[in-house]
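Here is the structure we will look at.
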Amino acid sequence: MIDKVVGSFDEAVSDMRDGATLLIGGFGGFAECPSYLIAAVARKGVKNLTIVANSAGWGLEFRDQLVARMRPLLRYPEDYYDQGILIERGQVSKAIVSFAAAIGHVQTPLEKKAAAGEVEVELVPQGTMAERIRAAKAGIPAFYSPVGAGTFTAQGKEVRQFDGRECVLERAIRADYALIRAHRADRYGNLVYRGSTRTFNATMAGAARITIAEVDEIVELGELEAEHIVTPGVYVQRVVVRPSSPRPWNVPS
Amino acid sequence: MIDKVVGSFDEAVSDMRDGATLLIGGFGGFAECPSYLIAAVARKGVKNLTIVANSAGWGLEFRDQLVARMRPLLRYPEDYYDQGILIERGQVSKAIVSFAAAIGHVQTPLEKKAAAGEVEVELVPQGTMAERIRAAKAGIPAFYSPVGAGTFTAQGKEVRQFDGRECVLERAIRADYALIRAHRADRYGNLVYRGSTRTFNATMAGAARITIAEVDEIVELGELEAEHIVTPGVYVQRVVVRPSSPRPWNVPS
Amino acid sequence: MARSRLDERAIAFRVAKEFSDGMVINLGIGIPTLCANFIPLGREILFHSENGVIGFGEIIENPNLADPTLINAGSQPVLRRPGMAIVDQAESFAVIRGGHLDLAVLGAFQVSEQGDLANTVMPGKSIGSIGGAQDLAFCAKRVIVAMTHVDRDGRPKIVRRCTSPVTAPRCVNLIVTDIAVIAVSGEGLTLLEYAPGWSVEEIQALTEPHLRTSPTLREIELL
Amino acid sequence: MARSRLDERAIAFRVAKEFSDGMVINLGIGIPTLCANFIPLGREILFHSENGVIGFGEIIENPNLADPTLINAGSQPVLRRPGMAIVDQAESFAVIRGGHLDLAVLGAFQVSEQGDLANTVMPGKSIGSIGGAQDLAFCAKRVIVAMTHVDRDGRPKIVRRCTSPVTAPRCVNLIVTDIAVIAVSGEGLTLLEYAPGWSVEEIQALTEPHLRTSPTLREIELL
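Chains V, A, U and E, in that order, give the protein sequences.
Following our numbering, the numbering of the first sequence begins with 883 at its first residue and continues without gaps.
Following our numbering, the numbering of the second sequence begins with 883 at its first residue and continues without gaps.
Following our numbering, the numbering of the third sequence begins with 2 at its first residue and continues without gaps.
Following our numbering, the numbering of the fourth sequence begins with 2 at its first residue and continues without gaps.
Right, dumping it as structure tokens:
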């Protein structure tokens, strides 16, 4: 019997080792962030991680500022933690992101660690990042793209003309783990997402050796209609359900 | 106001010129074949076409044999016509397909025309074809793939090693028109598909300058749920509804 | 007559006049986002957001009504709208990179006379943020820059050559600022419209490269 | 003891013993398709079809019950099954090419001692058909060939070098025929099992390359 549902977040990341490469889903909003999986990685304390994410995150230090800044638009929940906490805690040695720096005078955890020479940063155009991740999922080792040609993001990259346009050779981003968030899952690991939470979560599913989905709810097999499934279960190895009431990041779950 | 619904199949293809490249959707079954769009292209009589499709089709000559062969499994409708009729009628000068030949002693229209030197054939692995079409949609001019390296399908293609594996450089297949079939559409051109009819139809949407969708039904804006839409309307330029009762291919519609 | 500068809303209003019926448009953060409030009457526009929402509705200003699972790329909650479609990140950028986006309206630090755009790496930051800026600037069919004409220190933002890192070369088609509307083409910059009270010379004085004037030069119409 | 050859269903039965719980498997046309009828008890298998159906149910043999909008890659109508997912053609091959397919069971014209597979271009046809054969053979984690041991003229189909065009080099892991089960590895071919009544010598006589025999050599079990 196929049953990908795992009992706890700690169990879901229990085989993670130092030096692993992690794809971390979401775009920037809290409802699409795999906060409990990130917290489990923080608790596990693995080090020397490479993280690949749209944004470098805020961590615990700027969490409250962010919550205050967003209050006129959205109420952030207590159990929102992002990948910034892994950077703050010194678990990350390299970050591949499209948003590394914050606007204004605030410094993200990544900006501080990068300034201190503790974390290497690779700044990647968002679409190039999405395409490089998809390439890994689809077995494409490399592709050409016009985006960035002749600019600072293409430095050191191979360039070649196609149809008269300069293109950059981009490599697939393969990872050990993809930590993603979805709305509903069945025991096969089939996933659906609500609204804009699909974003990098669906793109990253299947782009890693082990994809772990943090979900709101598990439903019976057959409840997700075949035509409505966004991520087929073949891309997902583990599924974990979020707790019904918020938990602090440092409490095992 | 955005309204992509066109009144007739003939109108939908009215600007097609000799020498055009057409992506033709479907995989092999009748329920996923844009038969009325193909018939309209046949009626229009444009010549020197390049067609890109999974299969070369059966045309009119073998239609009845096919229907008889499939009878124990599926009842084919009267209004099933495939891209084979364009080949039979001498409208095609090049075919990019993954299925060119029929199993057994039957010869498809493409086999006959190719033997007579009238049509050039490019045989492409199905997945490479799908990926080359997707690449066109996504603005990727070329990509590397291990599939076919060292075999007859890679002859004349550039080869390069990635991660110790030999890979072939594959180019995007850009087209003038994509003729696809879908189940429901709204006036924005958003599309949903039933079951296995999604196949190459959804992959081809957006990979051509003009994508035309042949659909069972037009629904009101908002009836297709945002999360369930498979092809966003931005990929679709024209939508045409299939007639409620079957029509012969050579009757204007 | 007193010179006046367009405020952010007026700049957005002027930009939105460029929106044709049926266009698929991506609006950057800042002034560009405001353009959604000024769609010309009778035109239906689909707004695309990098995070994968196509055809979303208005920004929701009340957190009690906001749905955190429907936000735009600026993390603002938006309304569902009939005909809206959701796609994942790779597909969202296939829309951009595949040339399916009619227009991107972007902010800028600098624009050069060749249409080079600098809007990504934050001045004064050692590491930057780039987001979808390059994908948009390289691949949208048309790029409009909406910005103030000069920076906080009064220096021209329309320059001969960008001193900030270039997001994309030769990508800008039109610049709308608080004092002028300027077309960018292979031949350089052409002043199309000026804010009320401004002379060509006064605008030129705040613009580094030479401005040619359009034969149809006129005051910016804000109605 | 009389020699007997496995019929197509028996070959399929033997192949299906290789199916582990939870595997994602693509079955080629012909004998491979029959494997779906012999899934070992208690194992849950997901069948993948090139046209984008993952986890479909049984083939429907009655055209009155068939839904033409749910067919497999062999154009056979299939049943919906709880947990089934539909994807488009590019995603369907992302599953194959991205290494997400545990096993492909394929027919063959020839298999070489290095595990080269020839199963695509039809003999006697000037242009061929390839379908998804190359994608499957190059990218599935494991490839099993199910075929008759010799062709209609009695010639070995397991050969030193393929004379038919090679679909994929060094891709086959296991060969199941009507008289033998043979493992393929970097060191060549190893006879694992034989059909009732067959000697190693008799099988070798119908096989071009040298067969080593497994220390656990035994009769094929058909139960």
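Ideal placement from N, C-alpha and C gives every residue a C-beta, glycine not left out.
Who are the near neighbours of residue i in its chain, counting only those whose CB is closer than 7 Å to its CB and skipping five residues on each side?
{"i": "Thr1010 (chain V)", "result": "Ser1027, Val1029, Gly1030, Glu1052"}
{"i": "Ser215 (chain U)", "result": "Thr191, Leu192, Leu193"}
{"i": "Ala935 (chain V)", "result": "Ile906, Gln965, Val979"}
{"i": "Val1118 (chain A)", "result": "Lys886, Gly1071, Leu1073, Ala1087, Thr1093, Ala1095"}
{"i": "Ile46 (chain U)", "result": "Phe20, Met24, Ile26, Ile40"}
{"i": "Met898 (chain V)", "result": "Val923, Lys926, Val928, Tyr1059"}
{"i": "Ile131 (chain E)", "result": "Thr121"}
Under three-state DSSP, which class holds residue i?
{"i": "Glu1048 (chain V)", "result": "strand"}
{"i": "Lys18 (chain U)", "result": "coil"}
{"i": "Ile12 (chain E)", "result": "helix"}
{"i": "Val201 (chain E)", "result": "helix"}
{"i": "Tyr918 (chain V)", "result": "helix"}
{"i": "Val122 (chain U)", "result": "coil"}
{"i": "Phe139 (chain E)", "result": "helix"}
{"i": "Ile183 (chain E)", "result": "strand"}
{"i": "Asp1058 (chain V)", "result": "strand"}
{"i": "Lys976 (chain A)", "result": "strand"}
{"i": "Ala37 (chain E)", "result": "helix"}
{"i": "Arg1063 (chain V)", "result": "strand"}
{"i": "Ala902 (chain A)", "result": "coil"}
{"i": "Thr164 (chain U)", "result": "coil"}
{"i": "Phe912 (chain V)", "result": "helix"}
{"i": "Glu1109 (chain A)", "result": "coil"}
I believe residue i touches residue j by the beta-carbon criterion, under 8 Å. Please report the beta-carbon distance rounded to the nearest angstrom.
{"i": "Gln1008 (chain A)", "j": "Gly133 (chain E)", "result": "4 Å"}
{"i": "Ala1064 (chain A)", "j": "Ala1018 (chain A)", "result": "Contact flag wrong, Cβ pair sits at about 19 Å."}
{"i": "Ala147 (chain E)", "j": "Val106 (chain E)", "result": "6 Å"}
{"i": "Pro170 (chain U)", "j": "Glu209 (chain U)", "result": "The pair is not a contact, with the Cβ atoms about 17 Å apart (cut-off 8 Å)."}
{"i": "Leu919 (chain V)", "j": "Gly84 (chain E)", "result": "Not a contact, Cβ separation roughly 23 Å."}
{"i": "Ile969 (chain A)", "j": "Lys995 (chain A)", "result": "6 Å"}
{"i": "Val16 (chain E)", "j": "Ile176 (chain E)", "result": "With 8 Å as the limit, Val16 (chain E) and Ile176 (chain E) do not qualify as a contact, their Cβ atoms being about 10 Å apart."}
{"i": "Ala997 (chain V)", "j": "Ile933 (chain V)", "result": "In fact, because the Cβ distance is near 18 Å, the residues do not count as touching under 8 Å."}
{"i": "Asn1083 (chain A)", "j": "Gly939 (chain A)", "result": "In fact, because the Cβ distance is near 15 Å, the residues do not count as touching under 8 Å."}
{"i": "Val1116 (chain A)", "j": "Ala894 (chain A)", "result": "Contact doesn't hold; Cβ gap of about 18 Å is too wide."}
{"i": "Cys163 (chain U)", "j": "Gly116 (chain U)", "result": "10 Å between Cβ atoms; not a contact."}
Can you name the residues that DSSP bridges to residue i?
{"i": "Ile60 (chain E)", "result": "E:Val79"}
{"i": "His49 (chain E)", "result": "E:Asn27, E:Ile55"}
{"i": "Val1121 (chain A)", "result": "A:Val887, A:Ala1095"}
{"i": "Arg1076 (chain A)", "result": "According to DSSP, Arg1076 (chain A) bridges with nothing at all."}
{"i": "Ser937 (chain A)", "result": "A:Phe981"}
{"i": "Pro157 (chain U)", "result": "U:Val151"}
{"i": "Ile131 (chain U)", "result": "Beta-bridge pairing links Ile131 (chain U) to no other residue."}
{"i": "Ile32 (chain U)", "result": "None, per the DSSP bridge assignment."}
{"i": "Gln1043 (chain A)", "result": "A:Glu1048"}
Could you please give the first and the last residue of the uninterrupted beta strand (DSSP E) stretch that includes residue i?
{"i": "Val146 (chain U)", "result": "144-147"}
{"i": "Gln111 (chain E)", "result": "111-113"}
{"i": "Glu92 (chain U)", "result": "It is not in any beta strand (DSSP E) - Glu92 (chain U) instead sits in the alpha helix (DSSP H) that spans 90-98."}
{"i": "Gly189 (chain E)", "result": "189-195"}
{"i": "Ala996 (chain V)", "result": "Element bounds for Ala996 (chain V): not the beta strand (DSSP E) but the alpha helix (DSSP H), 991-997."}
By the criterion of Cβ-Cβ separation under 7 Å, what are the contact partners of residue i in chain D?
{"i": "Gly910 (chain V)", "result": "No chain D is part of this structure, whose protein chains are labelled V, A, U and E."}
Suppose the cutoff is 6 Å on Cβ atoms and the five residues either side in sequence are ignored; what does the same chain contact list for residue i look like?
{"i": "Val1101 (chain A)", "result": "Arg1066, Asp1068"}
{"i": "Gly910 (chain V)", "result": "Ser937"}
{"i": "Arg4 (chain U)", "result": "Gly198, Trp199"}
{"i": "Gln205 (chain E)", "result": "Leu212"}
{"i": "Asp152 (chain E)", "result": "Lys158"}
May I ask whether a heavy atom of the ligand ZN can be found less than 7 Å away from the beta carbon of residue i?
{"i": "Leu955 (chain V)", "result": "Within the structure as shown, the ligand ZN is missing, as the structure has no ligands at all."}
Which residues in the same chain have their Cβ closer than 8 Å to the Cβ of residue i, if we skip the five residues on either side of it in sequence?
{"i": "Ser1135 (chain V)", "result": "Ser890, Phe891, Asp892, Tyr918, Ala921, Ala922, Pro1125, Arg1129"}
{"i": "Glu92 (chain U)", "result": "Gly53"}
Along the alpha helix (DSSP H) that carries residue i, what are the first and last residues, could you check?
{"i": "Val949 (chain V)", "result": "945-952"}
{"i": "Glu970 (chain V)", "result": "966-970"}
{"i": "Glu1013 (chain A)", "result": "1008-1020"}
{"i": "Thr214 (chain E)", "result": "Premise fails: Thr214 (chain E) lies in the beta strand (DSSP E), 212-220, not in any alpha helix (DSSP H)."}
{"i": "Ala169 (chain U)", "result": "No alpha helix (DSSP H) contains Ala169 (chain U), which DSSP labels as neither H nor E."}
{"i": "Phe1034 (chain A)", "result": "Segment: none, Phe1034 (chain A) is in no alpha helix (DSSP H) and carries neither H nor E."}
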